[in-house]
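Numbering (UniProt numbering), first residue to last: 1 to 536.
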């Protein structure tokens, strides 16, 4: 039997479905039975029939009856006319569309849904970074996986028949919450599209970063380039991961992973212990770390300068017979400090540790220095004293209890600032010893007679001065030029070198001042620092 649309039946179905929660096909079966349809007709057409009760039997079928049953053992819903009159298709508009308490209950459900869905959609993958934590890229991947799963479940629930019935009730009741429910549908649909797009485009990056995490540290430069290129391709091709806020998050988390791998390679507990052991071997590891991080910066700068390369459409991508049109490139215009703030601090810390090692190595060479000449014994003891003082300064770092690879801990910076201050004082004292050694004519002549194989050459080359034997035609080092005019040429000639057209230096007094160190600039060797002190 075919039932034509009837607002009276739709109203009863809406209320009964919400309260009895029967399956959608049960209502159709109810109206398909002539006995049931006759009861409904009697309730609608006879003014003296005031009560209609709908119940569910044990089989889940809807059972209608006029009046309250004598024994009701299951859940039911009843409809009562407010006054004796018939209910026609025309006067149903004059009846209350829905019981106010029931409408309020439905609207409350809609409000709860709106809040829950808003909470899901308002979550930000950058929250861990905003909370001061240092998450890795896997946190970003897990966030979007979870978001996709949650939104998919919500979308499926919103499209169930029961929810569709609630939507119809709100629409017919012209509830003020009907637009809000529409917005919920739209927000969930848009959010699901966004999550699908992002999960799809992050998948290659996820695989690459998992491989990088298992790779040897020496292979890191290759992975760094691949990862940054992949992020650029995501920026160029994803419809929803192409905003600065998203890219800044993944760049920060990628930097965190590189920093973690660098920390693991160097070892926070061991990186300064090398100052008393295999100092050259540990320095090689530190220098490798500096080189890797420099490569990261260079690759990032290349990506910024050549972003248009990632927006090119591969040949044949547009289909046969059509020319591929490159997309308009969108550069990364956000400040790099937003993505590399913590990495910059970490990089400076690694460079500072490298400087510490190089300074320590240069000064610890003093242990092997032996000075001859008239005052050789006295000057030699002063050099030994400087060596011992440097060892005590270095011991502060060897015995430290803090994490030197944590850029947020300023303990290392404080110790290093004190170290630099004392090292500058030692530079001045060494310069004084040098000056006295050069003023000792017998010492210079002694060095010359031994072909320069004496303490003078050892002392100079130990601090980065160019060796005359290595560069026979090179200009005289500043320290030698400023020495006695008699001794310097003989020293060079003894090594087979030539002082060329260097004019005889004038007699001078030793006047000293602190070496100039540019913050963040290239590091000076000890020779540069000490020779600077001789410039009047």
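Positions of the beta carbon are idealized from the N, C-alpha and C atoms, including for glycine. The model shown is predicted, which means the values in this text are computed figures rather than measured ones.
Any C-beta of chain C under 8 Å from that of residue i
i, result
"residue 234", "Absent from the structure: chain C. Only one protein chain is present."
Alpha-carbon spacing of residue i relative to residue j, whole angstroms
i, j, result
"residue 287", "residue 349", "12 Å"
"residue 95", "residue 7", "Low local confidence applies: a pLDDT of 49 at residue 95 is under 50, so the model's placement there is unreliable, with the coordinate-based value given in what follows. The straight-line gap from Cα to Cα measures roughly 12 Å."
"residue 355", "residue 362", "11 Å"
"residue 367", "residue 387", "6 Å"
"residue 162", "residue 177", "17 Å"
"residue 156", "residue 192", "11 Å"
"residue 400", "residue 233", "44 Å"
"residue 25", "residue 109", "24 Å"
"residue 133", "residue 13", "54 Å"
"residue 44", "residue 32", "17 Å"
"residue 217", "residue 299", "17 Å"
"residue 265", "residue 339", "23 Å"
"residue 410", "residue 376", "42 Å"
"residue 131", "residue 159", "36 Å"
"residue 69", "residue 55", "10 Å"
"residue 67", "residue 105", "26 Å"
"residue 37", "residue 53", "14 Å"
"residue 249", "residue 124", "10 Å"
"residue 198", "residue 144", "7 Å"
"residue 49", "residue 88", "14 Å"
"residue 391", "residue 270", "18 Å"
"residue 206", "residue 398", "39 Å"
"residue 129", "residue 227", "20 Å"
"residue 325", "residue 302", "23 Å"
"residue 126", "residue 331", "22 Å"
"residue 414", "residue 121", "45 Å"
"residue 328", "residue 230", "18 Å"
Outcome for residue i when other beta-carbon atoms lying within 10 angstroms are tallied against a minimum of 16
i, result
"residue 335", "exposed"
"residue 253", "buried"
"residue 22", "buried"
"residue 404", "buried"
"residue 313", "exposed"
"residue 100", "exposed"
"residue 41", "exposed"
"residue 118", "exposed"
"residue 59", "exposed"
"residue 537", "As displayed, the chain neither begins before 1 nor continues past 536, which places residue 537 out of reach and without an answer."
"residue 430", "buried"
"residue 417", "exposed"
"residue 501", "For residue 501, the pLDDT reaches just 37, beneath the cut-off of 50, and the residue's location in the model is therefore unreliable, leaving the point undetermined."
"residue 179", "exposed"
"residue 146", "exposed"
Which of helix, strand or coil DSSP assigns to residue i
i, result
"residue 76", "strand"
"residue 484", "Interpretation of residue 484 is limited by its pLDDT of 39, a score under 50 that renders its predicted location unreliable; the figure taken from the coordinates is listed afterwards. Three-state result, residue 484: coil."
"residue 249", "helix"
"residue 369", "coil"
"residue 144", "helix"
"residue 9", "helix"
"residue 284", "helix"
"residue 352", "helix"
"residue 334", "coil"
"residue 216", "coil"
"residue 133", "coil"
"residue 86", "coil"
"residue 166", "helix"
"residue 429", "helix"
"residue 410", "coil"
"residue 25", "helix"
"residue 308", "helix"
"residue 342", "helix"
"residue 291", "helix"
"residue 314", "coil"
"residue 193", "helix"
"residue 400", "coil"
"residue 240", "coil"
"residue 232", "helix"
"residue 271", "coil"
Closer than 7 Å: residue i CB and nearest the ligand ZN heavy atom
i, result
"residue 116", "The model on display carries no ligand, and the ligand ZN is accordingly not part of it."
Those residues which DSSP pairs with residue i across a bridge
i, result
"residue 54", "64 and 77"
query = If you pair each beta-carbon of the stretch 181-193 with each one of the stretch 142-157, do three or more pairs fall below 8 Å?
reply = In this structure the stretch 181-193 lies against the stretch 142-157, because at least three pairs of beta carbons, one per stretch, are closer than 8 Å.
message = Closer than 8 Å is the cut-off here; do at least three beta carbon pairs connect the stretch 125-139 with the stretch 78-94?
response = Touching, no.
request  = Assess, as a yes-or-no matter, whether the stretch 249-262 is touched by the stretch 198-214 under the definition of 3 or more beta carbon pairs within less than 8 Å.
outcome  = Segments in contact, yes.
message = Between the stretch 196-206 and the stretch 235-246, can you find at least three pairs of beta-carbon atoms closer than 8 Å?
response = In this structure the stretch 235-246 touches the stretch 196-206; the number of beta carbon pairs closer than 8 Å is three or more.
query = Would you call the stretch 163-171 and the stretch 288-295 touching, i.e. three or more CB-CB distances under 8 Å?
reply = Counting Cβ pairs under 8 Å, fewer than three are found: no touch.
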